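Protein sequences appear in the order of chains X and Y.
If you count the first sequence from 1, position 5 lands on 5 in our numbering, and the numbers rise without skipping.
If you count the second sequence from 1, position 125 lands on 304 in our numbering, and the numbers rise without skipping.
Below is one structure, written out as structure tokens, with a few remarks after it.
2 protein chains.
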Amino acid sequence: MENLRQSPDTLLPKLAAHVLEHGLAGASLRPLAKAAGTSDRMLIYHFKSKDGLVTALLEHVAGMYSQALEMAWPTEPAATRRECAQRLLAIGRAPMFAPFLRLWWEIVAGAAKGDAAYRASAAAMMDSQLAWFEAHLPPDDPDPKAGARLVALAVEGALMMDALGLGEVGEAGLAALEG
Amino acid sequence: MENLRQSPDTLLPKLAAHVLEHGLAGASLRPLAKAAGTSDRMLIYHFKSKDGLVTALLEHVAGMYSQALEMAWPTEPAATRRECAQRLLAIGRAPMFAPFLRLWWEIVAGAAKGDAAYRASAAAMMDSQLAWFEAHLPPDDPDPKAGARLVALAVEGALMMDALGLGEVGEAGLAALEG
DNA sequence: GAAGCTATGTAGCAAGTGCTACAAAAATGG
DNA sequence: CCATTTTTGTAGCACTTGCTACATAGCTTC
Numbered sequence: 001m002e003n004l005r006q007s008p009d010t011l012l013p014k015l016a017a018h019v020l021e022h023g024l025a026g027a028s029l030r031p032l033a034k035a036a037g038t039s040d041r042m043l044i045y046h047f048k049s050k051d052g053l054v055t056a057l058l059e060h061v062a063g064m065y066s067q068a069l070e071m072a073w074p075t076e077p078a079a080t081r082r083e084c085a086q087r088l089l090a091i092g093r094a095p096m097f098a099p100f101l102r103l104w105w106e107i108v109a110g111a112a113k114g115d116a117a118y119r120a121s122a123a124a125m126m127d128s129q130l131a132w133f134e135a136h137l138p139p140d141d142p143d144p145k146a147g148a149r150l151v152a153l154a155v156e157g158a159l160m161m162d163a164l165g166l167g168e169v170g171e172a173g174l175a176a177l178e179g
Numbered sequence: 180m181e182n183l184r185q186s187p188d189t190l191l192p193k194l195a196a197h198v199l200e201h202g203l204a205g206a207s208l209r210p211l212a213k214a215a216g217t218s219d220r221m222l223i224y225h226f227k228s229k230d231g232l233v234t235a236l237l238e239h240v241a242g243m244y245s246q247a248l249e250m251a252w253p254t255e256p257a258a259t260r261r262e263c264a265q266r267l268l269a270i271g272r273a274p275m276f277a278p279f280l281r282l283w284w285e286i287v288a289g290a291a292k293g294d295a296a297y298r299a300s301a302a303a304m305m306d307s308q309l310a311w312f313e314a315h316l317p318p319d320d321p322d323p324k325a326g327a328r329l330v331a332l333a334v335e336g337a338l339m340m341d342a343l344g345l346g347e348v349g350e351a352g353l354a355a356l357e358g
């Protein structure tokens, strides 16, 4: 009647769902286990240690993030870098991305502290994002690679302002982008 | 021979020093107490609860940050927004700011999770920063307020890239700023 | 100096942490 | 069908968490 056999592959989606909702930093084995329909005992069994779990989880979430970005793929290209950045901000503000962004800032904090697993996950997610940004620049952009990086800085900055409750600052900043 | 009387005011600097070095998220009472030369018992006595401690600590750190920014006040103004942003990135990369930035991303993560104390601290620190940015724009900037916001987004974005180990992305992005 | 408030030390509690020892069930291979 | 390996359950350990009860010391005020 239930899941007979569990494995990392079947567990990770449920674990990721729990972490997206409740955060990664404060996640401990027993709540994670309950959310995934198993026991702390089995989490350690499958992932060897909590570090192993977290590493696998970060990898999985990075994958989910790439997929979510691809699914949000829209429409015709923007006319200017500014408009492009503004659209990307709007996408980042969509409710379905909110859990990702909460988790994203946790990952950034972990990476800033020097943790290798967090860095790897952050780099993977940032790679997706840069590529995505590059693909959404105006087609006549003189230097798409540099432009994507500039747009990335601005959009990430604006999303950070959002996280602080200063969304207007982000909007005003993006509005001042050249274009 | 030692500190005879302790109070929140005498404790906060030592607590802040410990937190800047070891992080705030994982800081528990007993290590904090040892770092401040007192006991967990007394921390609760002075701050009523751990939440009270954290709130006071965040307020204190926000004040320290404003002071640190004022001390880093430099030199002649930049000629362009781009140059301004690049200088600010260089300042943010100075070793003395590294502990602040590690803590900063922790605070952003806390604010993103919705914690009011973190939000308040983050807003205070961001206000200092925006004012500081505005004061360092080229004197002939057409719209200093909007310019400061744009520069803030870009510099914060670049500092985030630094935290992820992608400093070059930040540099490339800033180099693409208009000016 | 007695009374009373403030500051501090000692001990400990209930809950939660990651993880392990032991053992049984369940699948697998001969 | 038996032997072996893989997967799971039950208890529990040693430790840390925030916080409290209780007692004591020290300063202040009359």
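Glycine residues also receive a C-beta, built at the ideal position from the N, C-alpha and C atoms.
Please read all numbers here as calculations on a predicted model, not as lab measurements.
Under 8 Å Cβ-Cβ, which residues of chain X neighbour residue 287 of chain Y?
-> In the second sequence, residue 287 of chain Y corresponds to position 108, counting from 1. Those within 8 Å of residue 287 of chain Y in chain X are 105, 108, 109, 160, 163 and 164.
With 16 other Cβ atoms within 10 Å as the buried cut-off, status of residue 1 of chain X = In the first sequence, the residue the question calls residue 1 of chain X occupies position 1. Annotation note: pLDDT 38 at residue 1 of chain X (below 50); position unreliable, coordinate value reported separately. It is exposed - the Cβ of residue 1 of chain X has fewer than 16 other Cβ atoms within 10 Å.
Go through the region 202-237 of chain Y residue by residue and report every complete run of the alpha helix (DSSP H) that reaches 4 residues or more, in order.
-> 208-215 and 219-226
Taking only beta carbons into account, state which residues of the region 121-147 of chain X come closer than 8 Å to chain Y, listed in chain order.
-> So the list reads 122, 123, 126, 130, 143, 145, 146 and 147, given in the order they occur along the chain.
Of all Cβ atoms in chain X, is any one closer than 8 Å to the Cβ of residue 222 of chain Y?
-> In the second sequence, residue 222 of chain Y corresponds to position 43, counting from 1. No, residue 222 of chain Y does not count as interfacial toward chain X.
Since residue 111 of chain X and residue 102 of chain X are thought to touch, with beta carbons under 8 Å apart, how far apart are those beta carbons, to the nearest angstrom?
-> Position 111 of the first sequence, counted from the first residue, corresponds to residue 111 of chain X. Position 102 of the first sequence, counted from the first residue, corresponds to residue 102 of chain X. Not a contact, Cβ separation roughly 15 Å.
To the nearest angstrom, how far is it from the Cα of residue 255 of chain Y to the Cα of residue 173 of chain X?
-> To locate residue 255 of chain Y, count along the second sequence from 1; it is residue 76. To locate residue 173 of chain X, count along the first sequence from 1; it is residue 173. Distance from the CA atom of residue 255 of chain Y to the CA atom of residue 173 of chain X, rounded to whole angstroms, is 24 Å.
Using a cut-off of 7 Å between C-beta atoms, extract the partners of residue 113 of chain X located in chain Y.
-> Numbered from 1 along the first sequence, position 113 holds the residue referred to as residue 113 of chain X. By Cβ distance, chain Y contributes 202 and 281.
In this structure, does DSSP put residue 197 of chain Y in helix, strand or coil?
-> Position 18 of the second sequence holds residue 197 of chain Y. DSSP places residue 197 of chain Y in helix when its eight states are reduced to three.
Counting only the same chain and skipping the five closest in sequence on each side, list residues whose C-beta sits under 7 Å from that of residue 241 of chain Y.
-> For the purposes of this step, residue 241 of chain Y is taken as residue 62 along the second sequence, with counting starting at 1. Excluding residues up to 5 positions away in sequence, 300, 303 and 304 lie with their Cβ nearer than 7 Å to the Cβ of residue 241 of chain Y in the same chain.
Buried or exposed (CB count within 10 angstroms, at least 16 for buried), residue 284 of chain Y = Here residue 284 of chain Y is taken as the residue at index 105 of the second sequence, counted from 1. Buried, since its Cβ has 16 or more Cβ neighbours within 10 Å.
So, using beta-carbon positions, are residue 336 of chain Y and residue 72 of chain X closer together than 8 Å?
-> If you number the second sequence from 1, residue 336 of chain Y lands on position 157. If you number the first sequence from 1, residue 72 of chain X lands on position 72. For residue 336 of chain Y and residue 72 of chain X, no; Cβs fall outside 8 Å.
Going by CA-CA distance only, name the one from X/5, X/86 and X/115 that's closest to residue 54 of chain X.
-> Here the question's residue 54 of chain X lines up with position 54 in the first sequence. Nearest option by C-alpha distance: X/115.
Report yes or no: is there a C-beta of chain Y within less than 8 Å of the C-beta of residue 83 of chain X?
-> The count along the first sequence starts at 1 and reaches residue 83 of chain X at position 83. Judged by the 8 Å Cβ criterion, residue 83 of chain X is not in contact with chain Y.
Rounded to a whole number of angstroms, what is the C-alpha to C-alpha distance between residue 236 of chain Y and residue 220 of chain Y?
-> For the purposes of this step, residue 236 of chain Y is identified with residue 57 of the second sequence, where counting begins at 1. For the purposes of this step, residue 220 of chain Y is identified with residue 41 of the second sequence, where counting begins at 1. Cα to Cα, residue 236 of chain Y sits roughly 17 Å from residue 220 of chain Y.
Rounded to whole angstroms, what's the CA-CA distance from residue 198 of chain Y to residue 287 of chain Y? Just pull it up for me.
-> Position 19 of the second sequence, counted from the start, is the residue given in the question as residue 198 of chain Y. Position 108 of the second sequence, counted from the start, is the residue given in the question as residue 287 of chain Y. So the two alpha carbons sit approximately 15 Å from each other.
How about residue 45 of chain X and residue 100 of chain X: are their beta carbons less than 8 Å apart?
-> The count along the first sequence starts at 1 and reaches residue 45 of chain X at position 45. The count along the first sequence starts at 1 and reaches residue 100 of chain X at position 100. No, the Cβ-Cβ distance between residue 45 of chain X and residue 100 of chain X is not below 8 Å.
Going by C-alpha distance, which of Y/355, Y/357, Y/324 and Y/317 is nearest residue 169 of chain X?
-> Counting from 1 along the first sequence, the entry for residue 169 of chain X is found at position 169. Checked all of Y/355, Y/357, Y/324 and Y/317; the closest Cα to residue 169 of chain X is Y/324.
Neighbourhood of residue 84 of chain X by C-beta distance below 7 Å, restricted to the same chain and skipping five residues each side = Within the first sequence, the letter at position 84 stands for residue 84 of chain X. Excluding residues within five positions, the ones whose Cβ falls inside 7 Å are 78, 136, 137, 138 and 151.
Does any CB atom of chain Y fall closer than 8 Å to the CB of residue 59 of chain X?
-> Against the first sequence, residue 59 of chain X aligns to sequence position 59. Chain Y contact via Cβ: absent.
Compute the distance between the beta-carbons of residue 167 of chain X and residue 160 of chain X, then report whether it is under 8 Å.
-> Position 167 of the first sequence, counting from 1, holds the residue named residue 167 of chain X. Position 160 of the first sequence, counting from 1, holds the residue named residue 160 of chain X. No, Cβ-Cβ distance for residue 167 of chain X and residue 160 of chain X is not below 8 Å.
Excluding sequence positions up to five away, which residues of its chain have a Cβ less than 6 Å from the Cβ of residue 176 of chain X?
-> Against the first sequence, residue 176 of chain X aligns to sequence position 176. Closer than 6 Å at the Cβ level, and outside the excluded window around residue 176 of chain X, lies no residue.
Quick one: is residue 90 of chain X buried, meaning 16 or more other Cβ sit within 10 Å of its Cβ, or exposed?
-> Translated into the one-based positions of the first sequence, residue 90 of chain X becomes position 90. Its Cβ having fewer than 16 others within 10 Å, residue 90 of chain X is exposed.
Could you tell me if residue 265 of chain Y is buried or exposed, where buried requires 16 or more neighbouring beta carbons within 10 angstroms of its beta carbon?
-> Here residue 265 of chain Y refers to the residue found at position 86 of the second sequence. So residue 265 of chain Y ends up on the buried side.
Give the C-beta separation of residue 32 of chain X and residue 15 of chain X to the nearest angstrom, bearing in mind that I take them to be a contact with Cβ-Cβ under 8 Å.
-> The sequence position of residue 32 of chain X within the first sequence is 32, counting from 1. The sequence position of residue 15 of chain X within the first sequence is 15, counting from 1. Yes, they are in contact, since the Cβ atoms of residue 32 of chain X and residue 15 of chain X sit about 6 Å apart, within 8 Å.
Under 9 Å by beta carbon: chain X residues contacting residue 348 of chain Y = The count along the second sequence starts at 1 and reaches residue 348 of chain Y at position 169. Per Cβ cutoff of 9 Å: 126, 130, 149, 152 and 153.
Determine which residues of the region 187-214 of chain Y have a Cβ less than 7 Å from any Cβ of chain X, and write them out in chain order.
-> 202 and 204
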